[in-house]
Amino acid sequence: MVETAVKQVYAALLPRTMVVADLGCSAGPNTLLFITSVLSSVADEHSKSASGDDHHVEVQFVLNELPGNDFNHLFRSFEEEFRRPAGCERPPPPSYYLASKQEPEGLEAWRKPCLNEDNIYIARTTAPTVAKLFQEQFQKDFSLFLKLRRKELVHGGQMVLVFLSRKNEDVYSGDLNQLFAFVATALQSLVSKGLVEKEKLESFNLPIYGRSVGEVEDLVTQSGLFSMDLIKQFEMNWDPFDDSERSQKHECRQVHQIRAEVFNCLPFWRSHN
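Quick note: the sequence shown uses the numbering used here, first residue 53, plus one each step.
Spelled out as structure tokens, the structure:
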């Protein structure tokens, strides 16, 4: 999808300078893979359309991460990957957040004890009113996201968005629901050991929402800001070298994923306390 979008934009605009934004998180090998894919696509299209014109194409990348990441490690990786000076400057924090990185404004009412009981996300025991709050916050955040991106994109520009979703329209069903139910259980064990106050767990909710394809389509259509060339749902194995879903590796991978999500929750938990 990225390659197709880049080639379409280049073929339509034939730019001297092309700006590509990685909405995050811009860290690790995924970012290198993304940048390499973009550069390869631009090079392919440039070779087809140059027709003897020796002008060079400058590709600028706008990277996005949490404030704690100064991108130095990523810049060093560029030098190792491309075997030449990266030629990058440390970028200022942009406004490309696709998901909230802190508890969104307007969720303070969720801090009332027992509103979502011992859950930190939408679970089977979550009240419909609370599930609706999650949905409304997503609608507000994503609508603002589309509005800001519309102002920034040049005419003829495109976006490729990839994010976690759920398979159906049931807000109570999905991998995120199951995953964060395990995380909530881990936090409940800390409460039982006296390491965390029960009231703090009961008033803690993650600023995360697993949207459905239908919800995304509806919001994009309602905004009237973008047209969609393609929207589809796909599944990915967390281990690209193992296609077995019923192996010891798969079970270990699930454990590591849950552990990773617990650590990812820590910044939210610290700010909550």
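We put the beta carbon where it would ideally sit given N, CA and C, even for glycine.
Mark residue i as exposed unless 16 or more other C-beta atoms lie within 10 angstroms of its C-beta, in which case mark it buried.
| i | result |
| --- | --- |
| T83 | buried |
| T69 | exposed |
| I283 | exposed |
| Q112 | exposed |
| T237 | exposed |
| R201 | buried |
| S78 | buried |
| N168 | buried |
| R128 | exposed |
| P137 | Residue confidence is low: P137 scores 42 on pLDDT, short of 50, so the model does not pin down where it sits. No coordinate-derived value is stated. |
| T181 | exposed |
| N257 | buried |
| G262 | buried |
| V214 | exposed |
| E221 | exposed |
| S93 | buried |
| N116 | buried |
| V206 | exposed |
| L75 | buried |
| L126 | buried |
| Y224 | exposed |
| T56 | exposed |
| L247 | exposed |
| E254 | buried |
| T178 | buried |
| E157 | Bear in mind that the predicted position of E157 carries a pLDDT of just 49, short of 50, making it too unreliable to give a figure here. |
| L196 | exposed |
| L239 | buried |
By the DSSP assignment, the alpha helix (DSSP H) with residue i in it spans what residues?
| i | result |
| --- | --- |
| F270 | A quick correction: the sequence has Asp, not Phe, at residue 270. Here the alpha helix (DSSP H) through D270 covers V265 to S275. |
| E55 | V54 to L65 |
| K250 | K250 to E254 |
For residue i and residue j, which I take to be in contact (beta-carbon distance under 8 Å), what is that distance rounded to the nearest angstrom?
| i | j | result |
| --- | --- | --- |
| V272 | L185 | Contact flag wrong, Cβ pair sits at about 22 Å. |
| A235 | I174 | Reading off the sequence, residue 235 comes out as Val, not Ala. Between I174 and V235 the Cβ distance is about 13 Å, and since that is not below 8 Å, they are no contact. |
| K219 | Q285 | 7 Å |
| L66 | S101 | 6 Å |
| G209 | V61 | 6 Å |
| A63 | E110 | Wrong, their Cβ atoms sit about 17 Å apart, outside the cutoff. |
| V54 | V114 | With 8 Å as the limit, V54 and V114 do not qualify as a contact, their Cβ atoms being about 15 Å apart. |
| K217 | S279 | Just to set this straight, residue 217 is Ser in the shown sequence, not Lys. S217 to S279, Cβ: 20 Å. No contact. |
If we define contact as Cβ-Cβ less than 9 Å, is residue i a contact residue for chain C?
| i | result |
| --- | --- |
| L239 | The structure shown contains no chain C, having only a single protein chain. |
Item to check | Uninterrupted beta strand (DSSP E) stretches inside the segment 71-135 (no shorter than 3 residues) | outcome: For the segment 71-135, whole beta strand (DSSP E) runs of length 3 or above, ordered along the chain, are 110-115.
Item to check | Complete runs of the alpha helix (DSSP H) confined to the segment 180-235 [at least 4 residues] | outcome: 180-204
Next on the checklist: So, does the segment 216-234 touch the segment 84-94, judging by three or more C-beta pairs under 8 Å?
Outcome noted: Taking 8 Å as the limit for Cβ pairs, the verdict is that the segment 84-94 does not touch the segment 216-234.
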